[in-house]
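Counting with the working numbering, you get residues 4 to 182 for the letters of the sequence shown. Working notes for the structure below.
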Amino acid sequence: LLRVLARQVEAQLELRRAAEIQGRRMAAAAAREQRLITALTSAQVGWWDWDIATGTVFGSADLARDRELDPATTRQGVPQETMMQSVHPGDRLWLREALGEAIETGAPFREEYRLLTASGEVRWTSARGRCLRGPDGKPWRFPGVAIDITDRKLTEERLRDSHIGRELAMQAAQLGRFD
Numbered sequence: 004l005l006r007v008l009a010r011q012v013e014a015q016l017e018l019r020r021a022a023e024i025q026g027r028r029m030a031a032a033a034a035r036e037q038r039l040i041t042a043l044t045s046a047q048v049g050w051w052d053w054d055i056a057t058g059t060v061f062g063s064a065d066l067a068r069d070r071e072l073d074p075a076t077t078r079q080g081v082p083q084e085t086m087m088q089s090v091h092p093g094d095r096l097w098l099r100e101a102l103g104e105a106i107e108t109g110a111p112f113r114e115e116y117r118l119l120t121a122s123g124e125v126r127w128t129s130a131r132g133r134c135l136r137g138p139d140g141k142p143w144r145f146p147g148v149a150i151d152i153t154d155r156k157l158t159e160e161r162l163r164d165s166h167i168g169r170e171l172a173m174q175a176a177q178l179g180r181f182d
């Protein structure tokens with residue numbers, strides 16, 4: 004009877020130790036996730052995780068803000084088509100094709116495209132992600148990040164305009180270039 008009781012106590016202690024170890028592992032994983040989210044938020048990098056089977060996209064507050072969506076709703080998941088509605092109509096077709104190719108081939112997704120706000124303002128985003136496959140080899144999830152690059156695009160446009168203006172002025176004045 005004492006041996007049976009001793010084995011039961013040992014088994015209970017082993018279960019308790021296993022639960023403590025599991026608890027520490029879960030706490031460590033939660034801390035790592037929180038550090039990652041803090042870093043992404045500090046850098047104003049939006050993140051998403053698209054569940055391909057359900058068509059649901061889970062995303063960060065930064066991603067929601069850039070797309071003029073409710074952050075709490077986006078965190079809980081929105082239809083992928085809701086995300087696509089914020090994309091400039093001129094970019095939707097080729098963006099869908101690029102996403103489809105990344106899903107089909109497993110190649111990294113790296114694109115810059117326009118967003119169109121409700122007020123008609125055009126914003127630019129740079130997105131990167133990759134399709135992950137499940138144990139059955141089928142597309143499963145598509146996590147990624149997005150960064151607002153509007154300021155960079157506006158600077159590039161001003162530089163292009165400045166260069167074109169200088170070239171036109173030089174042609175009008177019949178001046179040569181000395182590069």
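Every residue gets a Cβ at the ideal spot worked out from N, C-alpha and C, and that includes glycine. Every value quoted in this text rests on a predicted model; they were computed, and no experiment measured them.
Would you kindly report the start and end of the unbroken beta strand (DSSP E) that includes residue i?
| i | result |
| --- | --- |
| GLY49 | 48 to 54 |
| GLU115 | 112 to 119 |
With distances taken between CB atoms, is the gap from residue i to residue j smaller than 8 Å?
| i | j | result |
| --- | --- | --- |
| THR108 | TYR116 | no |
| ARG136 | PRO142 | yes |
| VAL60 | TRP51 | yes |
| GLY1 | ARG78 | With the chain running from 4 to 182 in the structure shown, residue 1 is simply not present. |
| ARG113 | THR153 | no |
To the nearest angstrom, report how far apart residue i and residue j are at their CA atoms.
| i | j | result |
| --- | --- | --- |
| ALA130 | ALA32 | 26 Å |
| GLU124 | THR57 | 31 Å |
| ASP54 | ARG6 | 51 Å |
| SER165 | ALA30 | 54 Å |
How far does the alpha helix (DSSP H) with residue i in it reach, from first residue to last?
| i | result |
| --- | --- |
| ASP151 | That residue, ASP151, is in no alpha helix (DSSP H); its beta strand (DSSP E) goes 142 to 151. |
| LEU72 | Here LEU72 belongs to no alpha helix (DSSP H), and DSSP marks it neither H nor E. |
Helix, strand or coil for residue i, going by three-state DSSP, please let me know.
| i | result |
| --- | --- |
| ALA130 | strand |
| GLY62 | strand |
| LEU4 | coil |
| PRO92 | helix |
Is residue i near the ligand GTP, going by C-beta to nearest heavy atom under 7 Å?
| i | result |
| --- | --- |
| ILE24 | Absence of the ligand GTP is noted for the structure shown, with no ligands found whatsoever. |
Between the Cα of residue i and the Cα atoms of the options, which residue gives the shortest distance?
| i | options | result |
| --- | --- | --- |
| ASP94 | PRO74, ARG27, PRO111, LEU119 | LEU119 |
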